[in-house]
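First residue of the sequence shown: 1, per UniProt numbering; consecutive thereafter. Take a look at the structure below.
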Amino acid sequence: MPEPATPATPVTFPPAFLWGAATSAYQIEGAAREDGRTPSIWDTFSHTPGKTAGGEHGDIAVDHYHRYRDDVAMMADIGLNAYRFSISWSRVQPTGRGPAVQRGLDFYRKLVDELLSKGIKPAVTLYHWDLPQELEDAGGWPERDTAYRFAEYAQIVGEALGDRVEQWITLNEPWCSAFLGYASGVHAPGRTDPAASLKAAHHLNLAHGLGASALRAAMPARNSVAVSLNSSVVRPLSQDPADLAAVRKIDDLANGIFHGPILHGAYPESLFAATELLTDWSYVQDGDLALINQPLDALGLNYYTPTLVSAADPEAAAPRADGHGSSDHSPWPAADDVAFHQTPGERTEMGWTIDPTGLHDLIMRYSREAPGLPLYVTENGAAYDDKPDPDGRVHDPERIAYLHGHLRAVRRAIAEGADVRGYFLWSLMDNFEWAYGYEKRFGAVYVDYTTLARTPKSSALWYGQAARTGTLPPVAEI
Ligand code: FCB
Numbered sequence: 001m002p003e004p005a006t007p008a009t010p011v012t013f014p015p016a017f018l019w020g021a022a023t024s025a026y027q028i029e030g031a032a033r034e035d036g037r038t039p040s041i042w043d044t045f046s047h048t049p050g051k052t053a054g055g056e057h058g059d060i061a062v063d064h065y066h067r068y069r070d071d072v073a074m075m076a077d078i079g080l081n082a083y084r085f086s087i088s089w090s091r092v093q094p095t096g097r098g099p100a101v102q103r104g105l106d107f108y109r110k111l112v113d114e115l116l117s118k119g120i121k122p123a124v125t126l127y128h129w130d131l132p133q134e135l136e137d138a139g140g141w142p143e144r145d146t147a148y149r150f151a152e153y154a155q156i157v158g159e160a161l162g163d164r165v166e167q168w169i170t171l172n173e174p175w176c177s178a179f180l181g182y183a184s185g186v187h188a189p190g191r192t193d194p195a196a197s198l199k200a201a202h203h204l205n206l207a208h209g210l211g212a213s214a215l216r217a218a219m220p221a222r223n224s225v226a227v228s229l230n231s232s233v234v235r236p237l238s239q240d241p242a243d244l245a246a247v248r249k250i251d252d253l254a255n256g257i258f259h260g261p262i263l264h265g266a267y268p269e270s271l272f273a274a275t276e277l278l279t280d281w282s283y284v285q286d287g288d289l290a291l292i293n294q295p296l297d298a299l300g301l302n303y304y305t306p307t308l309v310s311a312a313d314p315e316a317a318a319p320r321a322d323g324h325g326s327s328d329h330s331p332w333p334a335a336d337d338v339a340f341h342q343t344p345g346e347r348t349e350m351g352w353t354i355d356p357t358g359l360h361d362l363i364m365r366y367s368r369e370a371p372g373l374p375l376y377v378t379e380n381g382a383a384y385d386d387k388p389d390p391d392g393r394v395h396d397p398e399r400i401a402y403l404h405g406h407l408r409a410v411r412r413a414i415a416e417g418a419d420v421r422g423y424f425l426w427s428l429m430d431n432f433e434w435a436y437g438y439e440k441r442f443g444a445v446y447v448d449y450t451t452l453a454r455t456p457k458s459s460a461l462w463y464g465q466a467a468r469t470g471t472l473p474p475v476a477e478i
């Protein structure tokens, strides 16, 4: 398809393109203690004083567990043809091992059936950060056994839902699980041990590989298995060789550490060299890389903002970036020689600079990194301080502009040959934004946190029109 020539030319997507929205279990479900569910690391963390804004937690969240039927009806009304959600591991396997709780699986069966009945394609993420607390108590992701527990869980869910769900994602953003969870500690389980975070990264990779194999063994061959990475678009502050070296280091720690073994069966040599004072990587056992390097059917890319780095001035305290909260501990092990900078430009409510060129560059990079592998944007979106008007409507022109800009960037990448099959807006509705609690609203649907009433924002209407027509409406249209 040729690229649209001018902004006035309609921006049209391929006919089979998936127009989805994404959520995750802990952020929306609530029902934290119902039907046999036990605490995950996020229940424990959010109930620990000082860990989340206002001490907020996901006990009720937006009560999707009880309102899923209405939520699916709302998705259909908006016009979505796909929905990405995650499974709560401790709802299905409360101790993280052993037999499944059927009531937990039944919830997801009903949700999937509801989606299918409305013509909405489900995409299931097995792990969106909510490790059963019992597995953290046994050592968590730095412990090798956790990867084997994940494979067992993947098999259980694959057997239960593999007949009706075609699109599968093993892990969401393993970078966040490893480095926000075990190095900076701004996410559950809140540990601040850089050596353990690297071990966690390896065991997350192993979990992906073992989980992908377990899914394949449990499901019909037509199903698609992928992983969602939040690979960073790392840019140098200048062309100075020291700044370019900083880019390479962060590219290894953000990207190569995951896509290296997952896509190519090897960690970057430069990663070993950069981290040698912290770890000898002896937990990478013979055969692990082959287990991790499973053939995939697709790759999920999550993108919000680029990362701008330079060599750190040894005299100055290096600013640290992780995007999801602040900590005295860096999420970047062995990278005290790197400084992080704010990319110039307009920002969202998260403080994240809006830069659709980053999404284009990310897609083009992974088209080269994984030739022939279909790509999905499995998350992209923006938080704004949305408020209902006196008439009860929620106008969010900034979010429409954000989506428009980023979808144009996706379309440009397609025109340049990238095989992008779908886009999942983050998020369907306002929800529990991890360490920020309920204060950051990413939804295309507004949630009143007193009544839990849902109101589609104008961005939902705009996006729905794009989904129904396959063409981006002008930004001012809604
Ligand atoms: C991503 C997470 C998602 C949400 C968005 C804003 O990193 O996967 O759950 O927090 O950021």
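Glycine included, each C-beta is placed from N, C-alpha and C at the ideal position.
ask   = When the Cα of Ala312 is compared with those of Gly190, Ala242 and Ala415, which residue comes out closest?
value = Ala242
key: Identity of the residue in Lys249, Leu289 and Leu278 nearest Tyr267 by Cα   = Leu289
query = Cβ of Gly162 within 8 Å of Cβ of Ala218?
reply = yes
key: Thr170 (DSSP reduced to helix, strand or coil)   = strand
task = Measure the CB-CB distance between Tyr26 and Trp42 and report whether it falls below 8 Å.
result = yes
key: Beta-carbon spacing of Gly381, Ser427 below 8 Å   = yes
task = Report yes or no: do three or more beta-carbon pairs, one from the region 421-440 and one from the region 361-369, lie closer than 8 Å?
result = no
inquiry  = Please report the distance separating the alpha-carbon of His360 from that of Leu403.
reply    = 13 Å
ask   = Leaving out the 5 sequence neighbours to the left and right, which residues in its chain are closer than 8 Å to Ser310 when beta-carbon positions are compared?
value = Pro236, Leu237, Ser238, Asp240, Ala242, Asp243, Ala246, Val338, Ala339 and His341
key: Rounded separation between Ser90 and Pro189 - CA only   = 15 Å
message = Restricting to runs no shorter than 4 residues, where is the alpha helix (DSSP H) found entirely within the region 79-165?
response = 89-92, 102-117, 133-137 and 145-161
query = By DSSP, does Met1 sit in helix, in strand, or in coil?
reply = In this predicted model, Met1 has a pLDDT of only 47, less than 50, meaning its place in the structure is not dependable; the value taken from the coordinates is given anyway. DSSP places Met1 in coil when its eight states are reduced to three.
query = Should Glu349 be listed as close to the ligand FCB, given that the test is whether its C-beta is under 7 Å from any heavy atom?
reply = no
request  = Would you decide whether Thr471 is buried or exposed? Buried here means 16 or more other CB atoms lie within 10 Å of its CB.
outcome  = exposed
query = Who does Phe17 pair with in a DSSP beta bridge?
reply = Bridge partners of Phe17: none, in fact.
message = DSSP three-state label for Arg216, please.
response = helix
task = Could you spell out where the alpha helix (DSSP H) holding Tyr376 opens and where it closes?
result = Premise fails: Tyr376 lies in the beta strand (DSSP E), Leu375 to Asn380, not in any alpha helix (DSSP H).
request  = Locate the beta strand (DSSP E) running through Ala226, then write down its first and last residues.
outcome  = Ser224 to Leu229
ask   = Is DSSP giving Trp426 helix, strand or coil here?
value = strand
Short Cβ contact (8 Å threshold) for His252 with Ala221 = With the sequence shown as reference, residue 252 is identified as Asp, and His is not the correct amino acid for it. Going by C-beta atoms, Asp252 is not nearer than 8 Å to Ala221.
ask   = Alpha carbon to alpha carbon, how far is Thr353 from Pro306?
value = 8 Å
inquiry  = At the level of alpha carbons, what is the spacing between Glu136 and Lys249?
reply    = 29 Å
key: Assigned secondary structure, Leu299 (DSSP; H/G/I helix, E/B strand, else coil)   = strand
ask   = Should Trp426 be counted as a contact of the ligand FCB given a C-beta to heavy atom distance under 7 Å?
value = yes
ask   = According to DSSP, which residues form a beta bridge with Val284?
value = Val284 is not bridged to any residue.
Three-pair Cβ contact test at 8 Å for the region 198-208 versus the region 128-146 = yes
task = In the DSSP assignment, find the alpha helix (DSSP H) that holds Ala274 and state where it starts and stops.
result = Glu269 to Ala274
request  = Examine the ligand FCB and report whether any of its heavy atoms sits within less than 7 Å of the Cβ of Ser231.
outcome  = no
inquiry  = Does Arg84 pass the burial test, meaning 16 or more other C-beta atoms within 10 Å, or should it be called exposed?
reply    = buried
key: Per-residue burial, Gln102 [other beta carbons within 10 Å of its own, 16 or more giving buried]   = exposed
message = Rounded to whole angstroms, what is the Cα-Cα separation between Pro10 and Arg408?
response = 10 Å
inquiry  = Give me the DSSP bridge partner(s) of Arg347.
reply    = Thr353
Outcome for Ala413 when other beta-carbon atoms lying within 10 angstroms are tallied against a minimum of 16 = buried
ask   = Going by beta carbon distance, what residues of the same chain come within less than 8 Å of Tyr446, once the five residues before and after it are set aside?
value = Asp386, Pro388, Val394, Met429, Asp430, Arg454, Thr455, Pro456 and Lys457
ask   = Comparing alpha-carbon positions, which option in Tyr376, Ala61 and His264 lies nearest Arg33?
value = Ala61
key: Candidates His324, Asp391 and Ala100, of which the one nearest Tyr153 by Cα   = Ala100
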